[in-house]
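Visitor: Protein sequences appear in the order of chains A and B.
If you count the first sequence from 1, position 182 lands on 182 in the working numbering, and the numbers rise without skipping.
Count along the second sequence from 1, add 423, and you get the number used in the working numbering.
Just dropping this structure here.
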Amino acid sequence: MSDETQSGPVLAADGTPLKQSLARSLRNQKMRALALIGPLLIFVLISFVIPIGSMLFRSVENGMVEQTIPLTVEALKDWDIDSGESPNEAVYQAFVEDMIVAIEAKKHTRLGTRLNYEQTGMSSLFRKSGRKIKRLDPQADAPFKDKLIDIDKKWGDAQTWAVIKTHSVKITNGYFLNAIDMQRTPEGAQAQPEDKRILITLFKRTLFMSLVITFSCIMLAYPVAWILANLPMRTANMLMILVLLPFWTSLLVRTSAWKVMLQQQGVINEVLVWLGIVADDARLVMINNQLGTIIAMTHILLPFMILPMYSVMQTIQPTYLRAAKSMGATNWTAFWRVYFPLSVPGIGAGSILVFILSIGYYITPEIVGGTKGVFISNRIAYHISSSLNWGLAAALGTILLAVVLILYWAYDKIVGIDNVKLG
Amino acid sequence: MSTKTKLLAIVAASVAASSLVAEEMTIVSWGGAYSKSQLRAYHEPYSEKSGVTIINDDSSAEAVAKLRAMNEAGNVTWDVVDVVAADAIRLCDEGLAMEIDADTQLAAAPDGTSASDDFGDLLVSDCFIPQIVYSTTFGYRTDLVGDTPPSNICDVFDLEAYPGKRSLEKRAINNMEWALLCDGVAKDDVYSVLETPEGQDQALAKLDTIKDSVVWWSAGADTPQLLADGEVIMGSTYNGRLFSVIEEQKQPVAMLWDAQVFDLDGWIIPTGLSEERKARALDYIMFATDTQRLADQAKYISYGPARKSSAPLVGKHADLGIDMAPHMPTDPENAKNTFLYNYEFWADYRDDIETKFQAWLAK
């Protein structure tokens, strides 16, 4: 009997092996914890992860060409793209059969819109030809090559078919190439013609201006946060309301107010002219350029810098400064060697907030930025709501997200993310 | 009666009740004075006649993107949408707007002329029911342009005669055409020149000559504001906006109708509506685009009715009491030199030229 107990597994009170029983109770505990965060998890998954994931997937997804004209894509596989000659009858036969199905489902014009992003003229080619191809019979009217070229001579152009073949892959890098001012061609990735390059410029500008805005926020917010942290509670709370008040005002109102202030017939220029500092015919240009965007966005994002700085500075003991001074430090040394390093976590937290917010800002640059002060987000908005090139918009968004993550990683390496405090 | 049947009866009754309550439709438009004119000319009389409650949504500026998103989600919540013709063409291409047969689904003119003849060439897409003709044209500050006010579109490009800032829309459409017109290209050749890369460069080169004096706008309300503030001496915008600056706000602004670009605005019905909602939308469209209703809208805003038969019925402004006919872009006095926007061209070239234009702007 005693031998049996020693050789067998240790049993729990109910007779099941102890190991199993322990595992079960641990599992129960985990399940309970999961059930508690479950609602949040599901919410985040449904409202955040899935939509963003599906939007990012659009940047490579390109099933439309093959879904709309599957037989043609198959037939084009035998066509040599470098031959410079239009494909043979089999392709045209397949194309007419595909088109008749697509026209029935009203999908051919969608394909035209998709291909028009790559080659100007595709949109009307598909729309106009669709009306005539509809009347063809896939058996009785063959052969089709000459008939299609009759409908529109572009069907006889090898370039047209090259575009279709190049963009018939299911997963494409075409949108990403477009997003960095390149294009997908039969010969591989190539740079866009010079007069169509704009996105790289905008990316660089967005990063540069976001840095400038972050930096000017630091410069303006630091003294304010310092005063707030060192004043008696009553006064500090009063002043805090002044910081928060613009925070509670509508973004559009604040941006439009800057327009009134900064424009050439605006408040600042009027005052300067009245004081005789600026001549009436040489009024300052402070809006519809980069300066306008930097001023307005610095103002709008300032509370995001002041608040973390303030809460970090509040925790710094004034005795440290006094101790430093009592040991012979000058005011500057005491500040620079003692106070400033202690306040760095606040600067770090504020900078991350301001930088990430400003990199995706859209409405303020649009209103006060003119042509030189707009961001990449303004192009993303254009492609989402106006050109409907969602693939390109998704690619731009993905790149922007990647840039932010890389910068975050770099920040972690250089400063350390645990050195960031919100209070 | 068992509990189960009772329960079923209650459910059925509440479903029936909710469908009765649901006698409402969502109409999407541009907001502001424009939506107000539609409210008074179309929505109020229609609600009175049919008992349908109309909900306004001012989302026309993003209508194409939103309709596409709704369609992908399989839940279209809009019944009738007001869009410009170019957007209607795109919605039709994307299969997001339903095709309308003008002769059977729209009202004939009072004299019996069929709707397709009454609208004529303005039916630019199978899905589009035109409502108004508007134009993009210039207004100028009468007190800031000297003794000889501008009378020609090319005065916009003449910095010597008219020094000062001008406002232009932040996109290629219209600006490229005006630039070519003022660079010696004949009106009929504008689009064939603009098809070529050289022609596009030519237009941009012409715009380059005034680039430093341009304030670029993106919302229709910008130019009226800039004119009122004296920020610019002349600027392009929609003619109805200038009408309200001149006649309602009494600002020292006048119209330069030369080379105004005609464009159309009208209704589409989204695809994917239930039969019941579709029938209601069609019933509304039939009512709201008849001859009298289109003429009524011109009482509230200075856009020309799209039907030929409505033109003689245009009367006085409902609140200001002034004659509206001379303020219509289609008035013979204003339409001496007009430019017709080419939809087909821009459907093809928009992506290409717009990219070049934005690259040029950013330079």
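Note that the Cβ used here is the ideal one computed from N, Cα and C, for glycine as well.
If the cut is a Cβ gap below 8 Å, which residues of chain B does I359 of chain A touch?
Guide: Taking the first sequence and counting its residues from 1, one reaches residue 359 of chain A at position 359. Residues of chain B passing the Cβ test: none, with the nearest at roughly 18 Å.
Visitor: V499 of chain B to I50 of chain A, Cα distance in whole Å?
Guide: Counting from one through the second sequence, the residue named residue 499 of chain B turns up at place 76. Counting from one through the first sequence, the residue named residue 50 of chain A turns up at place 50. Straight-line Cα distance between these residues: approximately 21 Å.
Visitor: So what does S659 of chain B bridge to, in DSSP terms?
Guide: Numbered from its first residue, the second sequence carries residue 659 of chain B at position 236. DSSP lists B:F561 as partners of S659 of chain B.
Visitor: Helix, strand or coil for L422 of chain A? Go by DSSP, reduced to three states.
Guide: Stepping through the first sequence from its first residue, residue 422 of chain A is reached at position 422. DSSP places L422 of chain A in coil when its eight states are reduced to three.
Visitor: Hey, could you find the ends of the alpha helix (DSSP H) M64 of chain A is sitting in?
Guide: The residue you call residue 64 of chain A lines up with position 64 of the first sequence. It spans M64 to T68 - the alpha helix (DSSP H) in which M64 of chain A sits, taken as one unbroken run.
Visitor: Going along the stretch 747–778 of chain B in order, which residues come within less than 8 Å of chain A, judged by CB to CB distance?
Guide: Answer set for the stretch 747–778 of chain B: E767, A770, D771, Y772, R773, D774, D775, E777 and T778.
Visitor: Ordered along the chain, which non-local residues of its own chain (more than five positions away) have a Cβ less than 6 Å from that of V737 of chain B?
Guide: Here the question's residue 737 of chain B lines up with position 314 in the second sequence. The answer, listed in chain order, is A718, A721, M747 and A748.
Visitor: DSSP three-state label for W680 of chain B, please.
Guide: Locating residue 680 of chain B in the second sequence gives position 257, where the first residue counts as 1. Residue state, collapsed to three classes: strand.
Visitor: Measuring alpha carbon to alpha carbon, tell me which residue in B:T753, B:A758 and B:I724 is nearest A464 of chain B.
Guide: Reading the second sequence from its first residue, position 41 is the one you call residue 464 of chain B. That would be B:I724, whose Cα lies nearest to the Cα of A464 of chain B.
Visitor: Could you give the residue range of the alpha helix (DSSP H) that holds R773 of chain B?
Guide: Here the question's residue 773 of chain B lines up with position 350 in the second sequence. Start and end: Y766 to A785.
Visitor: Check whether the stretch 676–692 of chain B touches the stretch 548–560 of chain B, counting contact only when three or more Cβ pairs, one atom from each stretch, lie closer than 8 Å.
Guide: Short answer: they touch.
Visitor: For L307 of chain A, which three-state DSSP category applies?
Guide: Start at 1 with the first residue of the first sequence, and residue 307 of chain A comes out as number 307. Of the three classes helix, strand and coil, the one that applies to L307 of chain A here is helix, per DSSP.
Visitor: Short of 8 Å Cβ to Cβ, which residues in the stretch 192–203 of chain A face chain B?
Guide: Hits within the stretch, in order: D195, K196, R197, I198, T201 and L202.
Visitor: Using the C-alpha atoms, what's the distance from Y92 of chain A back to L148 of chain A?
Guide: Mapped onto the first sequence, residue 148 of chain A falls at position 148. Mapped onto the first sequence, residue 92 of chain A falls at position 92. Those two C-alpha atoms are separated by around 8 Å.
Visitor: Using Cβ-Cβ distances below 9 Å, what residues of the stretch 253–266 of chain A are close to chain E?
Guide: The structure shown contains no chain E; its protein chains are A and B.
Visitor: Tell me which residue opens and which closes the beta strand (DSSP E) that S590 of chain B is part of.
Guide: If you number the second sequence from 1, residue 590 of chain B lands on position 167. From DSSP, the beta strand (DSSP E) with S590 of chain B extends over R589 to E592.
Visitor: What did DSSP end up calling I52 of chain A once you bin it into helix, strand or coil?
Guide: Counting from one through the first sequence, the residue named residue 52 of chain A turns up at place 52. Note: I52 of chain A maps to helix in three-state DSSP.
Visitor: Might you give, ordered along the chain, the residues of its own chain that have their beta carbon closer than 7 Å to the beta carbon of N378 of chain A, omitting 5 neighbours on each side?
Guide: Counted from its first residue, the first sequence places residue 378 of chain A at position 378. Closer than 7 Å at the Cβ level, and outside the excluded window around N378 of chain A, lie Y362, P365 and E366.
Visitor: Return the bridge partner residues of I478 of chain B from the DSSP annotation.
Guide: Against the second sequence, residue 478 of chain B aligns to sequence position 55. Paired residues: B:T449.
Visitor: Can you list, in chain order, the residues of its chain with a C-beta nearer than 8 Å to that of G370 of chain A? Leave out the 5 residues immediately preceding and following it.
Guide: Position 370 of the first sequence, counting from 1, holds the residue named residue 370 of chain A. The answer, listed in chain order, is I287, N288, N289 and G292.
Visitor: Quick one: using the 10 Å Cβ neighbour count with 16 as the cut-off for buried, is A140 of chain A buried or exposed?
Guide: Start at 1 with the first residue of the first sequence, and residue 140 of chain A comes out as number 140. The residue in question, A140 of chain A, is exposed, as its Cβ has fewer than 16 Cβ neighbours within 10 Å.
Visitor: Below 8 Å on the Cβ atoms is my contact criterion, and I expect I69 of chain A with A105 of chain A to pass it. Report the Cβ-Cβ distance as a whole number of Å.
Guide: Numbered from 1 along the first sequence, position 69 holds the residue referred to as residue 69 of chain A. Numbered from 1 along the first sequence, position 105 holds the residue referred to as residue 105 of chain A. Contact flag wrong, Cβ pair sits at about 12 Å.
Visitor: Along the chain, which unbroken stretches of the beta strand (DSSP E) at least 3 residues long are found entirely within the stretch 695–779 of chain B?
Guide: For the stretch 695–779 of chain B, whole beta strand (DSSP E) runs of length 3 or above, ordered along the chain, are 761–763.
Visitor: For the beta strand (DSSP E) containing W409 of chain A, list its first residue and its last residue.
Guide: In the first sequence, residue 409 of chain A corresponds to position 409, counting from 1. Unbroken run through W409 of chain A is the alpha helix (DSSP H), W390 to I414; no beta strand (DSSP E).
Visitor: With DSSP as the reference, label M31 of chain A as helix, strand or coil.
Guide: Taking the first sequence and counting its residues from 1, the one referred to as residue 31 of chain A is at position 31. Reduced to three states, the DSSP call for M31 of chain A is helix.
Visitor: Give the interface partners of L388 of chain A over in chain B, defined as CB-CB distance under 8 Å, in chain order.
Guide: On the first sequence, residue 388 of chain A is found 388 positions in, with the first residue counted as 1. Those within 8 Å of L388 of chain A in chain B are V487, A488, R491, R513 and E517.
Visitor: State yes or no: is the C-beta of R184 of chain A within less than 8 Å of the C-beta of T166 of chain A?
Guide: Start at 1 with the first residue of the first sequence, and residue 184 of chain A comes out as number 184. Start at 1 with the first residue of the first sequence, and residue 166 of chain A comes out as number 166. A contact, by the Cβ cut-off of 8 Å.
Visitor: May I have a chain-ordered list of the alpha helix (DSSP H) segments no shorter than 4 residues that lie completely inside the stretch 600–626 of chain B?
Guide: Counting only runs of 4 or more, we get 613–617.
Visitor: Which residue comes first and which comes last in the alpha helix (DSSP H) that contains R110 of chain A?
Guide: Counting from one through the first sequence, the residue named residue 110 of chain A turns up at place 110. Run containing R110 of chain A: H108 to N116, per the alpha helix (DSSP H) assignment.
Visitor: Would you list the residues sitting across from L11 of chain A in a DSSP beta bridge?
Guide: As a position in the first sequence, residue 11 of chain A is number 11, starting the count at 1. Its beta-bridge partners are A:P17.
Visitor: What are the uninterrupted segments assigned as alpha helix (DSSP H) that are 4 or more residues long and contained completely in the stretch 521–569 of chain B, given in chain order?
Guide: Runs of the alpha helix (DSSP H) inside the stretch 521–569 of chain B: 525–528 and 538–542.
Visitor: Three-state secondary structure (DSSP) at G292 of chain A?
Guide: Along the first sequence, read from residue 1 onward, the residue named residue 292 of chain A stands at position 292. Helix.
Visitor: Are L307 of chain A and C217 of chain A close, meaning C-beta to C-beta below 8 Å?
Guide: Indexing the first sequence from 1 puts residue 307 of chain A at position 307. Indexing the first sequence from 1 puts residue 217 of chain A at position 217. For L307 of chain A and C217 of chain A, no; Cβs fall outside 8 Å.
Visitor: Can you check which of these residues, A:I241, A:Q265, A:R27 and A:I294, is closest to V281 of chain A by C-alpha distance?
Guide: For the purposes of this step, residue 281 of chain A is identified with residue 281 of the first sequence, where counting begins at 1. Residue identity check: residue 281 of chain A is Asp in the sequence provided, not Val. Of A:I241, A:Q265, A:R27 and A:I294, the residue nearest in Cα terms is A:Q265.
Visitor: Taking the C-alpha atoms as reference points, what is the distance between G89 of chain A and K145 of chain A?
Guide: Position 89 of the first sequence holds residue 89 of chain A. Position 145 of the first sequence holds residue 145 of chain A. Going by the sequence as given, residue 89 of chain A is Glu instead of Gly. Roughly 6 Å separates the two Cα atoms.
Visitor: Residues in the same chain with beta-carbon distance under 6 Å from A395 of chain A, minus the five sequence neighbours each way, listed in chain order, please.
Guide: Taking the first sequence and counting its residues from 1, the one referred to as residue 395 of chain A is at position 395. Closer than 6 Å at the Cβ level, and outside the excluded window around A395 of chain A, lie S59, Y175, F176 and A179.
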